[in-house]
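In order, the protein sequence lines correspond to chains A and B.
According to my numbering, the residues represented by the first sequence are 1430 to 1862, in order.
According to my numbering, the residues represented by the second sequence are 26 to 109, in order.
All C-beta atoms, glycine included, are put in the ideal place defined by N, C-alpha and C.
Here the structure is a predicted model, which means the values were calculated and not measured.
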Amino acid sequence: MNKQESRTGRVIIIGGGPAGSALGCYLSKMNIPNLILESNHHPRPHVGESMVMSTIRVFEDIGFLQTMEECGFVHKYGASWFEVKGRESSIRFADFPEEGISQPYTYHVERGEFDHKLLMHARSLGSEVYQGVRAKQVVFEGNQAVGVEVDLGGESVTLSADLIVDASGRNTLLGRQLKMRKNDPIFNQYAVHTWFEDVDRGQSETADYIHIYFLPVERGWAWLIPISDRVSSIGVVAERDQLRQFHGDADGFFNEYVKSNRALEQAMAGARQLHPFKTEGDYSYVMDRFVGDGWLLVGDASRFVDPIFSSGVNIALYGAKFAADAIQDAFDKHDFSSDVLSPFEERTRQGVAIWYEFIRLYYKLLPLFTHFIRSEKYRAGIHRLLQGEVYDRAEAPVLDAMRKYIATVESNESHLLRGQLASIPIDDLPLPE
Amino acid sequence: MSSVQAAIKEFIKKELAVGLSRDIDPDEDLFTSGILDSLAILQLVMFIEEQFGVEVPDGDVVFENFHSVTAIQQYVNGREAQVR
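So, in structure tokens, the structure goes:
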């Protein structure tokens, strides 16, 4: 059988989370047949409940914005940061409108419902969707991915495709299979989170913003995300080493850090816990490669960075958008080799690298971030980053300004911010002229 | 008391050392007395830039320039003289 005859003309997407479902939508709109395999039955709970502004573009592309409104998800008009002593600094998206985005807010979502609706949307646009079907592994002929082995009622069946997309999320199916996964050398955080009722979200103007709390430990922070009028998602993130002090007790870890920020303590004073705590470990990682012959990785299956800026769903959705372009190119050329798919890898790597650089500079000198969002000179630049608008490093001169400021503090012994420098390494980030 | 000194004192009392009931001695050390901390300093820098129309270079945010109200006043006067 020659190569041409063996073509199935379809794509198999492993995983029906935001990355897989959005990709299904894009491909169906391009008339590229695709099949989504989801191991769970939606709706199922998931963490990662807050979005940035630029996700709106993807929802518009795939005709999903109306569903977002119909679901009644909480409108997110901005973001607030709270220093340990409680001082609040905030940004309002409407202050810096982005071209092509017609509304001044994005969303906080209940991920069970959001993921379910997006998967059903993919089906309505033409994706073949199977839930409760677990992908066991990607099947290769030589280096070429040719199909997916699935478990169907206890029997192993191989489904073939021209292209396999791993959108399996933090499960990182293909990353584990090909041993491509590298844990991040800097970040080894641990998160403890769940839902609460009767959380005090503070002053009315910023009550529906995402609330980010600084914690008095390096790389430590907490989130408050409004899920509905009644329910708030609260999570605490800190380096995994810190957990040892609590002898692995997640409750103790959570409660202690809640008390360490005055504003968070106040918000939680009358809160009632709705579910047992959930934990996330092995926080940040990246795969050696995002593409190969006949396969590519999108969303958390390719890389995961500290989600302090609500970047997760955004990276998933833009990964899907960029992957769809690459896949269309591959179908046009009848060539599914890594050479054809590699522009996708460059584009996504560049985008996530910007988030990652921003996150590191942020942690390196926390007061600088609050200074920049209050400063007239830098406010707009920080806004663009926070809204997820930057996928080209040349459009982020504000990162150079942060880097330079940090260098000034590092080289000046009597600088008043010197005591605030964190240990996180940034020397590999080039110092601008 | 110069107007620069008065404006600085007022800003510190109103925005940075909320709840401080006593007056600030122009020569007292703002850091050892706990009136200012390193988180508040950037707010003060921004205030100075906006209020007096001078630029405070990143490298000037040092103890010598900000340890007392008098020091801040002298620093601002110096920057104003450079602008003119």
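Need the endpoints of the alpha helix (DSSP H) that residue i sits in, please.
i	result
M71 (chain B)	S63 to F77
F1643 (chain A)	Careful: F1643 (chain A) lies outside any alpha helix (DSSP H), inside the beta strand (DSSP E) at I1639 to F1643.
L1602 (chain A)	L1602 to Q1606
V1781 (chain A)	S1767 to K1793
I40 (chain B)	Reading the sequence as shown, one finds Glu at residue 40 (chain B) and not Ile. Element bounds for E40 (chain B): n/a, residue is neither H nor E.
H1545 (chain A)	R1540 to L1554
V1440 (chain A)	Segment V1440 to I1443 is the beta strand (DSSP E) holding V1440 (chain A); no alpha helix (DSSP H) there.
L1456 (chain A)	P1447 to K1458
R1436 (chain A)	Counting along the chain, R1436 (chain A) falls outside any alpha helix (DSSP H), and DSSP gives it neither H nor E.
L1466 (chain A)	That residue, L1466 (chain A), is in no alpha helix (DSSP H); its beta strand (DSSP E) goes N1463 to E1467.
V1687 (chain A)	A1679 to K1688
L1588 (chain A)	That residue, L1588 (chain A), is in no alpha helix (DSSP H); its beta strand (DSSP E) goes E1584 to S1589.
L45 (chain B)	Segment: none, L45 (chain B) is in no alpha helix (DSSP H) and carries neither H nor E.
E1694 (chain A)	R1691 to A1696
Can you name the start and end residues of the beta strand (DSSP E) that residue i belongs to?
i	result
V1665 (chain A)	V1660 to E1668
G1576 (chain A)	Q1573 to L1581
N1612 (chain A)	R1610 to N1612
F1569 (chain A)	R1563 to E1570
F91 (chain B)	Looking at the DSSP string, F91 (chain B) is not in any beta strand (DSSP E); the run it does join, the alpha helix (DSSP H), is F88 to F91.
D1595 (chain A)	L1592 to D1595
A1620 (chain A)	Q1618 to E1626
Taking C-beta pairs closer than 8 Å, name the residues in chain B that residue i reaches, listed in chain order.
i	result
E1512 (chain A)	L64
L1846 (chain A)	S63, I66, L67 and V86
Could you name the residues of chain B that residue i contacts, counting a contact when the two beta carbons are closer than 7 Å?
i	result
P1526 (chain A)	What P1526 (chain A) touches in chain B: nothing, since even the nearest Cβ is about 24 Å away.
T1837 (chain A)	D83 and G84
Q1671 (chain A)	Neighbours of Q1671 (chain A) on chain B: none; closest Cβ ~22 Å, over 7 Å.
Taking 7 Å as the threshold (beta carbon to beta carbon), is residue i in contact with chain B?
i	result
K1432 (chain A)	Only weak support exists for where K1432 (chain A) lies, its pLDDT of 43 falling under 50; the coordinates are left without a value.
P1796 (chain A)	yes
H1800 (chain A)	yes
L1858 (chain A)	no
Residues of chain A with CB under 9 Å from residue i, in chain order?
i	result
V79 (chain B)	Within chain A, no residue comes near V79 (chain B); the closest Cβ sits about 14 Å away, beyond 9 Å.
E89 (chain B)	S1843
Taking 7 Å as the threshold (beta carbon to beta carbon), is residue i in contact with chain A?
i	result
L67 (chain B)	yes
F36 (chain B)	no
So residue i contacts chain B; which residues on that side make the cut at Cβ distance below 9 Å?
i	result
R1803 (chain A)	L67, Q68 and M71
Y1834 (chain A)	D83
Q1849 (chain A)	S63 and L64
Against chain E, does residue i count as a neighbour if the rule is that its beta carbon must be under 7 Å from one of theirs?
i	result
V1567 (chain A)	Any reference to chain E falls outside this structure, whose protein chains are A and B.
Measuring from the CB of residue i, is there a heavy atom of the ligand PLP at a distance below 6 Å?
i	result
K1707 (chain A)	Absent from the structure shown: the ligand PLP. Ligands present: none.
### Those runs of the beta strand (DSSP E) which lie wholly inside the segment 1486-1537 of chain A and span at least 3 residues
1503-1505, 1507-1511, 1517-1521 and 1535-1537
### Query
Mind pulling the alpha helix (DSSP H) runs of 4 or more residues that sit fully within the segment 1798-1861 of chain A?
1805-1815 and 1826-1840
### Query
Going along the chain, which unbroken runs of the beta strand (DSSP E) with 3 or more residues stay wholly within the segment 1709-1744 of chain A?
Counting only runs of 3 or more, we get 1714-1716 and 1724-1726.
### Query
Which residues, in chain order, does the segment 1810-1829 of chain A contribute to contact with chain B at a C-beta distance below 9 Å?
Under the 9 Å Cβ criterion, the segment 1810-1829 of chain A contributes no residue.
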